[in-house]
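Please read the structure below before turning to the comments.
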Amino acid sequence: MCAPTDIQKPPLPDVSAQTDARKSSRPSWIQIAGGSFLLILLSAPLFISEIIGGWTTEYTSPLRFGASSIGDMTGKVVIVTGANTGIGYETSLELARNGATVIMAARSVERGT
45 MCAPTDIQKP PLPDVSAQTD ARKSSRPSWI QIAGGSFLLI LLSAPLFISE IIGGWTTEYT
105 SPLRFGASSI GDMTGKVVIV TGANTGIGYE TSLELARNGA TVIMAARSVE RGT
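If you read the sequence shown in the numbering used here, its first letter stands for residue 45, the second for the next number, and so on.
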(Lines of atoms letter the chains of each structure in order from A and count residues from 1; the text may use other names and numbers.)
(Lines give C-alpha, C1' and ligand atoms only; values in the text may rest on other atoms or scores of the structure.)
Protein backbone atom coordinates (compact mmCIF):
# COMPACT_ATOMS: atom_id res chain seq x y z
CA MET A 1 0.00 0.00 0.00
CA CYS A 2 1.14 3.51 -0.79
CA ALA A 3 1.50 5.99 1.93
CA PRO A 4 0.08 9.48 1.26
CA THR A 5 3.59 10.91 1.31
CA ASP A 6 4.69 8.73 -1.61
CA ILE A 7 2.21 10.29 -4.09
CA GLN A 8 3.95 12.68 -6.43
CA LYS A 9 2.04 15.64 -7.66
CA PRO A 10 2.63 16.93 -11.19
CA PRO A 11 4.71 20.11 -11.22
CA LEU A 12 2.77 23.34 -11.49
CA PRO A 13 3.48 25.53 -14.52
CA ASP A 14 5.74 28.50 -13.89
CA VAL A 15 3.32 31.41 -14.07
CA SER A 16 5.89 34.02 -13.02
CA ALA A 17 7.82 33.61 -16.29
CA GLN A 18 4.65 34.23 -18.31
CA THR A 19 3.78 37.29 -16.23
CA ASP A 20 7.30 38.70 -16.64
CA ALA A 21 7.16 38.14 -20.40
CA ARG A 22 3.87 40.05 -20.65
CA LYS A 23 5.21 42.88 -18.55
CA SER A 24 8.40 43.22 -20.61
CA SER A 25 6.53 43.33 -23.93
CA ARG A 26 4.62 46.47 -22.92
CA PRO A 27 6.61 49.65 -22.41
CA SER A 28 6.33 51.15 -18.99
CA TRP A 29 5.66 54.83 -18.43
CA ILE A 30 9.34 55.24 -17.53
CA GLN A 31 10.39 53.90 -20.93
CA ILE A 32 7.90 56.16 -22.71
CA ALA A 33 8.97 59.23 -20.72
CA GLY A 34 12.63 58.37 -21.28
CA GLY A 35 12.10 58.06 -25.03
CA SER A 36 10.25 61.37 -25.14
CA PHE A 37 12.99 63.05 -23.16
CA LEU A 38 15.63 61.65 -25.50
CA LEU A 39 13.72 62.88 -28.55
CA ILE A 40 13.42 66.37 -27.06
CA LEU A 41 17.06 66.35 -26.02
CA LEU A 42 18.24 65.43 -29.53
CA SER A 43 15.92 67.77 -31.45
CA ALA A 44 16.37 70.84 -29.22
CA PRO A 45 19.65 72.00 -30.86
CA LEU A 46 18.08 71.76 -34.33
CA PHE A 47 15.03 73.72 -33.25
CA ILE A 48 17.08 76.44 -31.53
CA SER A 49 19.42 76.73 -34.54
CA GLU A 50 16.44 77.17 -36.87
CA ILE A 51 14.95 79.92 -34.69
CA ILE A 52 18.14 81.96 -34.30
CA GLY A 53 19.18 81.55 -37.94
CA GLY A 54 22.09 79.22 -37.26
CA TRP A 55 23.62 76.42 -39.30
CA THR A 56 20.30 74.72 -40.15
CA THR A 57 19.05 77.87 -41.82
CA GLU A 58 22.33 78.39 -43.64
CA TYR A 59 22.54 74.88 -45.09
CA THR A 60 18.86 74.15 -45.71
CA SER A 61 17.50 77.49 -46.93
CA PRO A 62 15.99 77.29 -50.43
CA LEU A 63 16.73 80.99 -50.95
CA ARG A 64 20.49 80.65 -50.68
CA PHE A 65 21.29 80.02 -54.35
CA GLY A 66 19.75 81.22 -57.58
CA ALA A 67 20.64 81.92 -61.18
CA SER A 68 21.67 85.43 -60.21
CA SER A 69 24.35 83.94 -57.96
CA ILE A 70 26.31 82.68 -61.00
CA GLY A 71 29.11 85.06 -61.80
CA ASP A 72 30.75 85.80 -65.14
CA MET A 73 31.69 82.46 -66.74
CA THR A 74 33.33 83.90 -69.88
CA GLY A 75 36.24 81.73 -71.02
CA LYS A 76 35.29 78.75 -68.84
CA VAL A 77 34.33 75.32 -70.15
CA VAL A 78 31.63 73.48 -68.23
CA ILE A 79 30.40 69.88 -68.61
CA VAL A 80 26.82 69.30 -67.48
CA THR A 81 25.60 65.71 -67.18
CA GLY A 82 21.93 64.94 -67.66
CA ALA A 83 21.61 68.14 -69.66
CA ASN A 84 18.76 67.04 -71.91
CA THR A 85 15.98 67.63 -69.36
CA GLY A 86 15.20 68.98 -65.92
CA ILE A 87 17.82 70.50 -63.66
CA GLY A 88 20.68 69.69 -66.03
CA TYR A 89 18.95 71.50 -68.89
CA GLU A 90 18.20 74.59 -66.80
CA THR A 91 21.76 74.60 -65.46
CA SER A 92 23.13 74.47 -69.02
CA LEU A 93 20.96 77.41 -70.07
CA GLU A 94 21.99 79.60 -67.12
CA LEU A 95 25.69 78.82 -67.52
CA ALA A 96 25.51 79.60 -71.25
CA ARG A 97 23.69 82.87 -70.52
CA ASN A 98 26.56 83.82 -68.23
CA GLY A 99 29.19 83.25 -70.94
CA ALA A 100 30.38 79.67 -70.32
CA THR A 101 31.12 77.19 -73.07
CA VAL A 102 28.75 74.37 -72.12
CA ILE A 103 29.28 70.74 -73.07
CA MET A 104 25.95 68.99 -72.64
CA ALA A 105 26.28 65.30 -71.76
CA ALA A 106 23.17 63.25 -72.51
CA ARG A 107 22.35 59.58 -73.08
CA SER A 108 21.54 60.06 -76.77
CA VAL A 109 22.28 62.64 -79.44
CA GLU A 110 18.59 62.93 -80.34
CA ARG A 111 17.60 63.86 -76.78
CA GLY A 112 20.52 66.22 -76.24
CA THR A 113 19.23 69.02 -78.44
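C-beta: ideal position from N, C-alpha, C; glycine also.
If you're wondering where the values come from, they're calculated on a predicted model, not measured in any experiment.
When secondary structure is reduced to three states using DSSP, I114 falls in the coil class, being assigned neither helix nor strand. The DSSP-derived three-state label of A127 is coil.
For A140, same chain residues with a beta-carbon under 7 Å away, outside a window of 5 residues either side, are V146 in chain order. Contact check for A127 against A150 passes: the beta carbons are separated by less than 7 Å.
The bridge partners DSSP lists for T145 are V121.
The continuous alpha helix (DSSP H) containing E102 extends over residues 99-104. Straight-line spacing of the CA atoms in P89 and G78 works out to 18 Å. In this structure, V122 lies near A144, with their beta-carbon atoms less than 7 Å apart.
Under the three-state reduction of DSSP, P54 is assigned to coil, being neither helix nor strand.
With 16 or more other Cβ atoms from the protein chains shown falling within 10 Å of its own Cβ, S136 counts as buried.
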